[in-house]
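Student: Position in the sequence shown (first residue = 1) + 598 = the working numbering. Just so it is clear, CB atoms sit at the ideal spot from N, CA and C, and this is done for glycine as well.
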Amino acid sequence: MNWRRYFWPVVGIAAVAFSLWLLIHELRGISLDDVWAGIAAIPPRGWVLAALSSVVAYASLAGYDHIALLHLGKKVSWLFVTLCSFTTYAVSHNIGGSVFSGAVIRYRAYATRGLTGQEIGVLVAICWFTFILSSVFLGGLVLLLEPQIVDRFTGAPHHGAAFAAGFAMLILVGAYAFGSWLRLRPLKIGSFQLHYPALPIVARQLLVGPVELLGAAAIIYFVLPEAGNPGYFVVLGVFMVSFSIGLLSHAPGALGVFEVVFLTGLSDMDPVGVLAALLVFRLFYLIIPLLIGLGVVLYFEHSQYSRGES
Numbered sequence: 599m600n601w602r603r604y605f606w607p608v609v610g611i612a613a614v615a616f617s618l619w620l621l622i623h624e625l626r627g628i629s630l631d632d633v634w635a636g637i638a639a640i641p642p643r644g645w646v647l648a649a650l651s652s653v654v655a656y657a658s659l660a661g662y663d664h665i666a667l668l669h670l671g672k673k674v675s676w677l678f679v680t681l682c683s684f685t686t687y688a689v690s691h692n693i694g695g696s697v698f699s700g701a702v703i704r705y706r707a708y709a710t711r712g713l714t715g716q717e718i719g720v721l722v723a724i725c726w727f728t729f730i731l732s733s734v735f736l737g738g739l740v741l742l743l744e745p746q747i748v749d750r751f752t753g754a755p756h757h758g759a760a761f762a763a764g765f766a767m768l769i770l771v772g773a774y775a776f777g778s779w780l781r782l783r784p785l786k787i788g789s790f791q792l793h794y795p796a797l798p799i800v801a802r803q804l805l806v807g808p809v810e811l812l813g814a815a816a817i818i819y820f821v822l823p824e825a826g827n828p829g830y831f832v833v834l835g836v837f838m839v840s841f842s843i844g845l846l847s848h849a850p851g852a853l854g855v856f857e858v859v860f861l862t863g864l865s866d867m868d869p870v871g872v873l874a875a876l877l878v879f880r881l882f883y884l885i886i887p888l889l890i891g892l893g894v895v896l897y898f899e900h901s902q903y904s905r906g907e908s
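Structure (structure tokens):
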């Protein structure tokens, strides 16, 4: 038995268990009635704006695949690419290990459109790097605009270090764009080659990726209580930290991990209101897309089976 097959799933399950224990400890004294009251207190306007934000987020995620296909010079139906990207992220966000689980879904889909295994590998790599690049770019801006965001997790002021880190992150992004402008040679790993994207593609990466993160954070922001709300950029910063740690934990759906980190970042707010907002986020960003994505997968597999039979 290859222990590597089980290592990350075990890590993810352990992260969920530990985070749920911390979450229960953090929310002791809060009843389900309290949480339900917090959800019921969200105004209709908040629900509508949160739903629209989730649409913006997933529409931007579809742009990841379009950017990668543009880089590869491959033409695939716009509707097919959009549905494939939506399904990939809807499923992988829930089961964890988004790079690997997403690769499986993309391979199954794009292989039917004539892409080779190596081309799909490049597509997955570009989508993954677009997310990393967007996170670094947006994270750098947040640290420059709201350097006190670090204090919410450390408990001590580190404004100078946060500002310097944000500046360094933006320099890295600028170096990447500059390297694209210079048309550097492709990265080679064995027979695998990853060519440097052209400057127009880099511009698309720096536009589409951040919009997805802005939309995802807005889901929570619009349903948070007004009392004690620190503002959108602080919520965005806390979201990025929570989302990143959730991904690194390999926990399915970042369950528990995301909530614990987010509650820590907004510890000065009413935990009932914050928890209600996080439940709405899971509904719009994880649960509803998963249900739709599973429907798309079933339809796709049925159509492939019907074609094989005919």
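Throw me the rounded Cβ distance for the residue 747 and residue 740 pair, which I believe falls under 8 Å.
Tutor: Yes, residue 747 and residue 740 are in contact; Cβ-Cβ is about 6 Å, under 8 Å.
Student: Among residues of its own chain, excluding the 5 on either side of residue 760, which ones have a beta-carbon nearer than 6 Å to its beta-carbon?
Tutor: Answer for residue 760: 741, 745 and 748, listed in chain order.
Student: Determine the DSSP secondary structure at residue 742, reduced to helix, strand or coil.
Tutor: Helix.
Student: Rounding to the nearest angstrom, what Cα-Cα distance links residue 718 and residue 799 in this structure?
Tutor: Cα-Cα distance, rounded: 18 Å.
Student: For residue 714, does the count of other Cβ atoms within 10 angstroms reach 16, so buried, or fall short, so exposed?
Tutor: Counting Cβ neighbours within 10 Å, residue 714 comes out exposed, since fewer than 16 surround it.
Student: Kindly list the residues whose CB is nearer than 8 Å to the CB of residue 896, restricted to its own chain and excluding five residues on each side of it in sequence; keep chain order.
Tutor: If we look at residue 896 and ignore the five residues flanking it on each side, it has no Cβ neighbours.
Student: Going straight from the alpha carbon of residue 606 to that of residue 635, what length do you get?
Tutor: In this prediction, residue 606 has a pLDDT of 49, which is less than 50 and means its spatial position is unreliable; what the coordinates show is noted afterwards. Residue 606 and residue 635: Cα-Cα distance of roughly 37 Å.
Student: On a CA-only basis, which of 660, 685 and 667 is nearest residue 899? Give me that one, please.
Tutor: The shortest Cα separation from residue 899 among 660, 685 and 667 belongs to 685.
Student: Touch check for the segment 820-827 and the segment 638-648: three-plus C-beta pairs under 8 Å?
Tutor: Short answer: they touch.
Student: Thinking C-alpha only, which one of 712, 781 and 878 is nearest residue 814?
Tutor: For the residues 712, 781 and 878, the minimum Cα distance to residue 814 belongs to 878.
Student: What separation, rounded to the nearest whole angstrom, lies between the Cα atoms of residue 902 and residue 810?
Tutor: One C-alpha to the other measures close to 31 Å.
Student: Going by DSSP in three states, residue 887 sits in which element: helix, strand or coil?
Tutor: In this structure, residue 887 counts as helix in the three-state DSSP scheme.
Student: Throw me the rounded Cβ distance for the residue 682 and residue 666 pair, which I believe falls under 8 Å.
Tutor: So it is not a contact: roughly 11 Å between Cβ atoms.
Student: With DSSP collapsed to three states, give me the class of residue 692.
Tutor: In this structure, residue 692 counts as helix in the three-state DSSP scheme.
Student: Leaving out the 5 sequence neighbours to the left and right, which residues in its chain are closer than 8 Å to residue 771 when beta-carbon positions are compared?
Tutor: Result list for residue 771: 731, 734, 735, 738 and 804, in chain order.
Student: Label residue 663 either buried or exposed according to how many other C-beta atoms from any shown protein chain fall within 10 Å of its C-beta, with 16 as the threshold for buried.
Tutor: With 16 or more Cβ atoms within 10 Å of its Cβ, residue 663 is classed as buried.
Student: When DSSP labels each residue in this structure, what does residue 706 get in the three-state scheme?
Tutor: Three-state DSSP puts residue 706 in a helix.
Student: Beta-carbon within less than 7 Å of residue 743's beta-carbon, same chain only, minus the 5 sequence neighbours each way: which residues are those?
Tutor: 831, listed in sequence order.
Student: Measuring alpha carbon to alpha carbon, tell me which of 659, 769 and 672 ends up nearest residue 726.
Tutor: Answer by Cα proximity: 659.
Student: Can you tell which of 827, 852, 781 and 837 has its C-alpha closest to the C-alpha of residue 690?
Tutor: Among 827, 852, 781 and 837, the Cα nearest to that of residue 690 is on 852.
Student: Where does residue 818 land, buried or exposed, given buried means 16+ other C-beta within 10 angstroms?
Tutor: Label assigned to residue 818: buried.
Student: Let me check understanding here. Comparing Cα to Cα, which of 775, 806, 812 and 836 lies closest to residue 795?
Tutor: The shortest Cα separation from residue 795 among 775, 806, 812 and 836 belongs to 775.
Student: Where does residue 838 fall in DSSP's three states?
Tutor: Helix, per DSSP.
Student: Look at residue 863 and residue 783 and say whether their C-beta atoms are less than 8 Å apart.
Tutor: No, the Cβ-Cβ distance between residue 863 and residue 783 is not below 8 Å.
Student: Would the beta-carbon of residue 692 fall within 8 Å of that of residue 845?
Tutor: Against a cut-off of 8 Å, the Cβ pair of residue 845 and residue 692 comes out as no contact.
Student: Can you find the residues in the same chain that come closer than 7 Å, C-beta to C-beta, to residue 669, ignoring five residues on each side of it along the sequence?
Tutor: If we look at residue 669 and ignore the five residues flanking it on each side, its Cβ neighbours are 724, 795 and 799.
Student: Taking the C-alpha atoms as reference points, what is the distance between residue 567 and residue 777?
Tutor: Outside the displayed range of the chain (599 to 908) lies residue 567, so it cannot be described from this structure.
Student: Can you give me the start and stop residues for the alpha helix (DSSP H) that residue 652 sits inside?
Tutor: Start and end: 642-670.
Student: Whose C-alpha, out of 829, 644 and 677, is nearest the C-alpha of residue 711?
Tutor: Minimum Cα distance to residue 711 is reached at 677.
Student: Quick one: which unbroken beta strand (DSSP E) runs of 3-plus residues sit fully inside the segment 751-808? Chain order, please.
Tutor: Fully enclosed beta strand (DSSP E) runs of 3 or longer: 785-787 and 790-792.
Student: Under three-state DSSP, which class holds residue 901?
Tutor: Note: residue 901 maps to helix in three-state DSSP.
Student: Quick check: what's the CA-CA separation for residue 766 versus residue 867?
Tutor: Spanning the two alpha carbons is a distance of roughly 31 Å.
Student: Alpha carbon to alpha carbon, how far is residue 781 from residue 881? Give it in angstroms, no decimals.
Tutor: Taking the straight line from one Cα to the other gives about 43 Å.
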